[in-house]
Each structure stands twice: as C-alpha cells, then as structure tokens.
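Protein chains in written order, with the working numbering: chain U, 1 to 164; chain G, 1001 to 1418; chain B, 2001 to 2356.
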Amino acid sequence: MAVKKRAKDLNILEKLYIPEIVKGMTLTLKNMFRPRVTMEYPEQKFEPPASYRGRPVLVQEQDAGERCVACGLCSRVCPALAIEVQANETDREKERFPEKFEINMLRCIFCGFCEEVCPEEAIVMSKDYELVYTNREDAIYGKDKLLVPVEQLQDRIDYLRNFK
Amino acid sequence: MEKYHSANLSDQRIIDALIAQDPDITIEDALENEMIINMGPQHPATHGVLRLVARLDGETVMSVVPELGYLHRGYEKMAENMTYLEYIPHTDRLDYTSTMANNVAYVMAVEKLAGIEVPKRAQYIRMIVAELSRIAGHLVAVGTFALDVGAVTAFMWTFREREKIQNIFDRIAGARFTTSYTRIGGVASDLDSEAIKMIKEFLDQYKDAHEEFEKLLNTNRIFIDRLEGIGILPKEDAINLGITGPNLRGSGVEYDIRRAKPYLFYNEIDFNIPVYNEGDSLARYFVRVDELKESSKIVYQCLDKLPQGPTMANDAKKVLPKKEEIYTKMEELIHDFMLVNFGINPPVGDVYSAVENPKGELGFYIVSNGTGYPWKFKIRSPSFCNLQALPLICKNQMISDVVAIIGSIDPVMGEADK
Amino acid sequence: MYEILTNIFNSEIIAILIAAFLPLFLFILPFALFAVYLERKVSAFMQDRLGPMRTGPYGVLQTVADILKLIQKEDIINKDADKKLFNLAPVLVFAGSYAAFAAIPFTSIYIGTSADIGLFFILAISSLVVAGILMSGWASNNKYSLLGAMRSAAQIISYEIPTALVILSVVMITGTLSLNTMSEIQTAYFWNWTIFGGAEWGIQKILLIPFMIVAFVIFYISSLAEVNRTPFDIPEAESELVAGYHTEYSGMKFAIFFLAEYANMFAVSAIAASIFFGGYQSPFGYFGNLIGLEWLIPLEQLFWFTMKGLFFVFVQMWLRWTLPRLRVDQLMTVCWKYLIPYAFVNLIIIGLISLI
C-alpha cells in the first residue's frame, strides 16, 4: 500500500527565518545540558559481551596441552588466508598436534569463521581487542602468544554451545 | 588558441567528454571563458573517493563528468576463487553503511541458486537485522547530507543513534561493523533475550531522537531554500537510467521491491512506502526521513511475530551443521570437512536475486558450473547506477548545489566501485 | 589613562606606545586563545560529546598546544604564487581586525584613541579586511581560493550597508559618533540602554523600543556576515571549497587568519554591546558606589564589558552550530532584498520619532 504525499509547504510564520531559528537554537541549548556519550579511554574501557569476536586464541587444556589436532580446517576457511598450520605426530591420545601454528594478525579480519568450523573447539575468539605491534615480524603470532588457558575463555565456550 | 593537450590521456578524454555534453560550444570558447574545476577524489564532500570534473561559467555548472574506480578492489573476480561461504565477509564491505543488508542479499541469492529452504525464525531475524541496517544506512545519509549543507550538529546526533545500533549488532553478531552474520541456510547465531531487550529499548527512545533532528531541519527555511527545486530528476529519466531506491521514490515512481516482488516475509508486515512527486533534493530527503519511521514500525512488528524454532536449515549436504554435533557425531564432522573444503556444489545454472537495500536495488547474478566456486559473479550495485544521474541533474545548478545533490543521491563508493 | 601614564613615565611617547599596545596583548590575544577553546567546548557540548579533555585539566591548554604546533610548521608557498601578495595578505587581515579596537571603550578611563568619529573610523578600517581576503585568494593561484575570495568580498561589501544604516539610526538618537560618549550617555541602570530607547524619559522612549529591537536584529545579522560565520560562511565552507581563501596557508600565517577571525568576532560583539546595550555600564549600579571605593568602578566596568562581549560571541557560536549554510545568491538576496529595505524603513521611522 504505497501512499503518495506532497512535500509540506511552509506557513507564514515559518517563512520568516527567525521563529524557526529560535526553535532550533533552544533545541541545541537543551542538548548542552544532557549527559555526554563519550567514553574516556583508557580510564574507562569497553567491556565486550560474551558474543564479541576479538582476537583468535588457542585453547590450552589443564594439563598444558593444546586441543588443536592440526586438521587444517581453520586455515582452509579463513577468507584472508591468515592462518598457517604444520602438523606432526605425538605420543598423546589424539596423535596429531600442530608443530607450527601461526596467525598473521595483520591479515586477520576477525570474522570468526575459524572458530565456527573447528571440530575440536580448539580455536575461539577471545575478548582481547588491544593489539599493538611495532614491526611486521611481531605481528605474526606463534603458539606462544596464542595459547590461553581454558578457564579464561569459559564464557565464550558457553556462548558457543548455547547459541551456535 | 591551440587545442588543450594533457599529459594524461584519461584527463584528455574527460575534457572532451565535458565539452561534448554541450553541442554548440567549441573547445576554444569553453576554455577561454569558463573554468574547469576538479573536485578531486580527496574532497570533504564527495562521500568517498569520487572524482568530478566540472565546467563552470562563473558559479553555474555547465556540465559535469564523474569518474569512478578509485576504490575498485576486484570483488567480482575474487569471488571466482572462493567458496560461497568464504565470500560472506566480503559482502560486508560493499555498502559499508548498512552491512547486514548486504549479507542478507548475498545469502538469499545463493540459497535461490542451490534450492535451500530457510526456517521461519531465521527469516524473521534476517528481516529484523535488515531493517535495523536500513535505519543505520539512512541515518548516515541524512547526517552527511545535513553536514554538506552546513548543519554540523545534526550529523553528530544521527551518529549517536547509529552507535546504539552498532552496539546491538555487537551483541548479536560479535562485531559492530563488519558483521558477516548470515550464513547459507540461516543465520550464524540465535538472538538472546538481552539482544531483543536492547532492540526494544533502542526503538522506544528512537522516536524522540528522530523528532529532534527533524525539528532542527525540516521546517528551517534556510535548509528548505537551499534544497527546494535543486537537482530535479524527471520521472521518465529516472526510470530510463535505472535509478532505484529513495531516489526513484523521490521522483514519483512507486516501486519498492519489498512490495513488487516480496521476499522473506514482507507480505505479512504492514508498512507504507513514502513517495514524493517533486523529484528535487528535498523530496529525496523527505523519503529517507519517512523511511526511517517506517523501518522502526517494521522492526516492532517482526519482534512481535518472531516464532520459535531453528535458525539454520536442516539440509545436511549444503548447510554447515551445529557446533555441538560436530564435536560428537561422525556424520556432521565429515560434512563439516566436505563443505569447508569443497563448497556447496549448487546445480549448474544461473540466478539473479535482488533485494531492497537502503541505497536502492542490490542484485547478485551468480552463474554456477556445479563446483563449489562460482563461475561468474556480478554485483548490480545501486550506487553505481544512481551516479549515472549526476551529469543530467547537475546542469545549470550552482557549484554549492552540486555538493547538496551528491548528498541527496547518497552514493557509497565501496558499492559503486566494488 | 594618558595622564596617569605620562606622570609615571614623564614622556608622552612612551605613554602612547604602552596605551596603544596594551589592549592588544593583554586582552585581545588571550581572548582569541580563549575563544578557540570556548568554541570547541561549546560545539562539543551541543553535540553530546566532550571536546578537548587531555591537554591540561579539562583541556584548557589546548589552544596553547595548537599555537605551538602551528609555529613550528613548515611555511609552504606555491611555486606559482605571487609571493609579495601572498605574504602581505594575512598582515592586512590582521591589521584590519585589530585596528578596530582602537576606538572601542573598554572602561571609562581607557580608550585607544580619543577620536570623536569613533564609529566612522571603525567602519572604514574594517574594510581593509576585504583587500586582504582578495589578495589571499588571488595570490594562492588556486581556483578554489579565488572563488572563495570573490564570494567573501561580495558578501562583506554588501553587508556593510545595513550595518551603516543601523549605526546611522542609533547616531540619530544619541547624537554622537564617538563610542566613548555613547557609552557614557547610557548611564547606570539597564532601562537607560539604547535598545530600550535611550536615557531620556518620555513618550519618545516608549515608541522607540520595537524599532530599536528590529535595528539590533538587523545589525546582528549583518555583523555575522561581516565576520564570515555561519549561516554566512560560504567563503570558508569546509564541505564546499575545502577551506576557501585560506586553503593554501600553513603554519603561522594560518594562525594569523584564525586569530584575526576571532578578534573580529569580539570586535563586532563589542560594538553591538556598546551601541545597544550600554557598553561598559553595569545594569544594576556599581559596587564601588555602594562600598565607597572609587577605584573599583573601572574594574567593574571592564568586567561588564567583557561579559557582554562574551555573551554575544557565545550567541554567534551557538548560531554556527545550529544552522545550515546559505548559498551565495541567497545570501545576497537576504541582504539586498530584505535587510536593506527594512533598515531604510527603520531609519525613517526612527528619524520621525526623534523629532517628537
């Protein structure tokens, strides 16, 4: 049901510039006394909700091992080709582990696809958004910067199990 | 006087095109009495990297030649090397002021090609986010339009409202801006109760904020004098040039894809389509302002009608399975591997599917050859087609009006250049 | 003021030099710095944000940081620009804006010159600004700057006419061109101000009030156009011509344009306050008179003068952040088709009333 309307014409009081200008000015003045919406960083930081897609991290189990079996799905699905995985044998129960796992943070677009296709819940998006590097080599995160203990990531894992 | 020579061949062609728009001017006359000005790709008012070469006689514009391509990123070619799932983050970056709407458009095209049936709850969620991003896109349009004309405060107020929408997207999809929320077969994650509460709170206070900047601008005589009768786009020219969206509805044509060829569940929702007859910049502005109010009505109705149910389709060969099942069941694990590595494999054929984006009609034309990668991928972007109207409607306006006209057409260069 | 200084220094020349430079450095330059900060804070508060907060407590040192940054920037001149005119233009604009302060009375004992034709001098010397702007637009060798400068010249010259007509009508009431005498006439309480009809009671005063209000509105609007503020800021419209006539200036020359604009704003506000609102006179009587301390009175007058000027500057900033911009031909329409006829009619009616 489309409705055709005409643009409104101005009445005589609006044709004088002044009354409308005064109305606009009172509106602006009222806005001066309202609270500001600026968040003063770094004194006030943004606390992301559980569904936030921050930096991707590898989940580290309690007995100091990563869950990743180096299947290569995350690096296959990554739209920006940021993940590089090299698999190798291990004597533990799962038989495969990533000998080299690198994410190039300068290529990562934080889309969350790697977390979505992972069959082992080994890579999840944390809430970390403060990433600073001083040169390009520092931006390629190896396993040492990516492993995070599972207790810190519990609410993201709960969110994944409930909503996805 | 010798002919104008430029070291740059494309500049020479632009100058020739400028002169050619006016048949009874010779190049010597034009270059002697008039000024050729370059509103270059870096300009505070051209809504992105748009280059306009204008021929001025004093302050009046005689002809305008737009030049696009400064933001070309090769999206159509890149799609031929990626599976359909991997391409979803790229669709965010097309019309970057209303990201969810692009996601919805793309997955609808792929689902039409592959023949996947989407559950009802997912479709309602898609409608909600598409209308929210319509509000976000129109807020940017109205805000930057007011900024171009000089009222800076209105710009800040519309962006304050947009921040609230982005917080909602942050809650739903995990990212404020590049959301990549929809998936082939449904949506990526369900809405939790907190997100629904946030949407309702936003809509309740949105009415007052909307009235605020309407009061500042709508009856302000300076604003209206600046825009009335500027950049009139006649009805037949609008239809012939392929203009869609609020620009078309500002010229008197009642065409909205949500009514003409309804998709999702728009035929069950009650809303109006604002149409204005005059065709000038003020009419296009009023169309956008009215559409903002209509979109909030639509979201209210969708929230009321939201059914329970699954958010992803059940088609195992074409849709990614749920995460919990991947951890424990074998079939789903194999499907996960196959779908990620080889893609969906839709049947051989082609499809064109269009939705009503905030800027106009966004259409995807996908040709499939049976594999997981598309054979040919074409994006029909609304801003690219809307910019064709510029040389026609900028004739005989003043140079300050050119800025207002570009603002009222509202191009987004990410879309126009792909 | 001259007598005190001459007695201290025993030489007229030094006294004149000090008195000439005093308002410039002690009042106007700090005021320009403060006005930049005020504009940023006012605009931020109207737009629901905070403004400068980091440099100094609540951002008060922001302008100092800006000036330090502008001083140490490289001075870029185009290859094809006209160097002499390019360098001379900011000086002319600066001089034209600051020279107007010579005839404005800050308190009862201080005025820069004791010319009897103060208002005439102010109108004449503010026209130097037009020459400076045209020079900067032409010498920049840039089509945008030229467009901006031509528009600005047309605008300033056109809007001087309603200003002169309104000043003429006030001069008819008060009978003097000197701003000093005008401020002295509007003594003591606020009902003696010119906008309420002048100091003499009678039927003349009551009849004059609506026409003086109209005259004040016309004067304020044309003073907005003289200073290139929104809604008349086409010459420096950021979204249309990048920055208009000062596009090509960098570093300290840009700072000079900037400071000259804020000084000009204060100058026209001060003139509006002096003509219509009683200049340095307080609206309620003086504390000095109440307590019995005579030397307190000039300080109080300085305080009231500054407050009135600041209020009008704040209203100018308030208007800037509320209104859209007028297009050039609409600007000219407002001046020639609306303001000048109204100002003429106003002048005639006030002249008739003053005959009563």
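Just so it is clear, CB atoms sit at the ideal spot from N, CA and C, and this is done for glycine as well.
Quiz prompt | Proximal chain U residues relative to Asp2048 of chain B, where beta-carbon distance stays under 7 Å | solution = Asn31, Arg34, Arg36 and Val37
Self-check item: Straight-line gap, Leu1050 of chain G to Arg1183 of chain G (C-alpha atoms, nearest Å)
Solution: Here the C-alpha atom of Leu1050 of chain G lies approximately 32 Å from the C-alpha atom of Arg1183 of chain G.
Practice problem: Could you tell me whether any Cβ in chain G is nearer than 8 Å to the Cβ of Leu2224 of chain B? | Solution: no
Practice problem: Ignore the nearest five residues each way along the sequence and tell me which others in Met1198 of chain G's own chain have a CB closer than 8 Å to its CB. | Solution: Asn1167, Ile1168 and Arg1171
Practice problem: Output, in chain order, the set of chain B residues within a Cβ distance shorter than 8 Å of Glu40 of chain U. | Solution: Leu2050 and Met2053
Self-check item: Inter-residue Cα distance where the pair is Leu1094 of chain G and Ala1101 of chain G
Solution: Answer to the nearest angstrom: the Cα atoms are 10 Å apart.
Self-check item: Beta-carbon spacing of Tyr1106 of chain G, Thr1083 of chain G below 8 Å
Solution: no
Self-check item: 6 Å Cβ shell around Gln1021 of chain G - same chain, five flanking residues per side excluded
Solution: Excluding positions up to five away in sequence, the list reads Ser1063.
Exercise. Indicate whether at least one CB of chain G lies closer than 8 Å to the CB of Pro56 of chain U.
Key: With 8 Å as the cut-off, Pro56 of chain U does not count as an interface residue toward chain G.
Quiz prompt | Runs of alpha helix (DSSP H) lying entirely within the segment 2281-2349 of chain B, each at least 4 residues, in chain order | solution = 2287-2291, 2296-2320 and 2328-2333
Quiz item: Can you list, in chain order, the residues of the segment 1050-1079 of chain G whose Cβ is nearer than 9 Å to any Cβ on chain B?
Solution: Leu1056 and Glu1059
Self-check item: Beta-carbon spacing of Ala2081 of chain B, Ala2153 of chain B below 8 Å
Solution: no
Quiz item: Whose CA, out of G:Ala1313, G:Ala1114, G:Arg1249 and G:Glu1111, lies closest to the CA of Glu1361 of chain G?
Solution: G:Arg1249
Quiz item: With a cut-off of 8 Å, does the C-beta of Tyr1327 of chain G fall near any C-beta of chain U?
Solution: yes
Quiz item: Do the segment 119-130 of chain U and the segment 157-164 of chain U meet, that is, are 3 or more Cβ pairs less than 8 Å apart?
Solution: yes
Practice problem: Could you tell me which residues DSSP puts in a beta bridge with Ile2221 of chain B? | Solution: Answer is none; Ile2221 of chain B lacks a bridge partner.
Self-check item: Pair within 8 Å by beta-carbon distance, Leu29 of chain U and Glu1212 of chain G
Solution: no
Quiz item: Which one of B:Pro2298, B:Ala2131, B:Leu2068 and B:Ile2356 has the shortest CA to CA distance from Lys2205 of chain B?
Solution: B:Ile2356
Exercise. Note down, in chain order, every chain G residue with its Cβ under 9 Å from the Cβ of Gln2330 of chain B.
Key: Taking a Cβ-Cβ threshold of 9 Å, the residues of chain G close to Gln2330 of chain B are Ile1222, Asp1225 and Arg1226, in chain order.
Practice problem: Specify the secondary structure class of Met1001 of chain G as computed by DSSP and reduced to three states. | Solution: No answer about Met1001 of chain G holds up, because its pLDDT of 35 lies below 50 and its placement is not dependable.
Quiz prompt | Spatially closest choice to Gly2197 of chain B from B:Phe2216, B:Thr2181 and B:Leu2179, by CA coordinates | solution = B:Phe2216
Quiz prompt | Minimum Cβ-Cβ distance from Ile1019 of chain G to chain B less than 8 Å | solution = Closer than 8 Å: no.
Quiz prompt | CA-to-CA distance, Ile1165 of chain G to Phe1202 of chain G, given in whole angstroms | solution = 8 Å
Quiz item: To which residues does DSSP link Asn1102 of chain G through a beta bridge?
Solution: Partner(s): none; Asn1102 of chain G has no beta bridge.
Practice problem: Within its chain, find whatever has a CB closer than 8 Å to the CB of Val1402 of chain G; leave out the 5 residues flanking it on each side and keep chain order. | Solution: Met1039, Leu1052, Ala1054, Val1061, Val1064 and Cys1394
Quiz item: Under three-state DSSP, which class holds Arg53 of chain U?
Solution: The three-state secondary structure of Arg53 of chain U, taken from DSSP, is coil.
Exercise. Within the same chain, show all residues whose beta-carbon is closer than 7 Å to that of Asn2142 of chain B, passing over the 5 residues directly before and after it, in chain order.
Key: Thr2247 and Glu2248
Practice problem: Would you verify that the beta carbon of Thr2247 of chain B is, or is not, closer than 8 Å to some beta carbon of chain A? | Solution: In the structure shown, chain A does not exist; the protein chains are U, G and B.
Quiz item: Expressed to the nearest angstrom, what Euclidean distance is found between the alpha-carbon atoms of Leu2358 of chain B and Leu1071 of chain G?
Solution: Past the edges of chain B, shown from 2001 to 2356, lies residue 2358 of chain B, and the structure says nothing about it.
Self-check item: Phe2045 of chain B: contacting residues in chain U (beta-carbon distance under 7 Å)
Solution: Met32
Self-check item: First through last residue of the beta strand (DSSP E) which encompasses Ile1379 of chain G
Solution: Pro1374 to Arg1380
Quiz item: Apart from the five residues on each side of it in sequence, which residues of its chain come closer than 7 Å, Cβ to Cβ, to Gln1123 of chain G?
Solution: Leu1264 and Phe1265
Quiz prompt | Neighbour list for Gly24 of chain U in chain B, Cβ cutoff strictly below 8 Å | solution = Thr2322 and Leu2323
Quiz item: What residues in its chain sit with their C-beta under 8 Å from that of Phe2314 of chain B, if we drop five residues either side in the sequence?
Solution: Leu2038 and Val2042
Quiz item: Going along chain G, which residues have a C-beta under 7 Å from Leu2022 of chain B?
Solution: Residues of chain G passing the Cβ test: none, with the nearest at roughly 37 Å.
Self-check item: Neighbouring residues, chain U, relative to Thr1153 of chain G (Cβ below 7 Å)
Solution: Thr28
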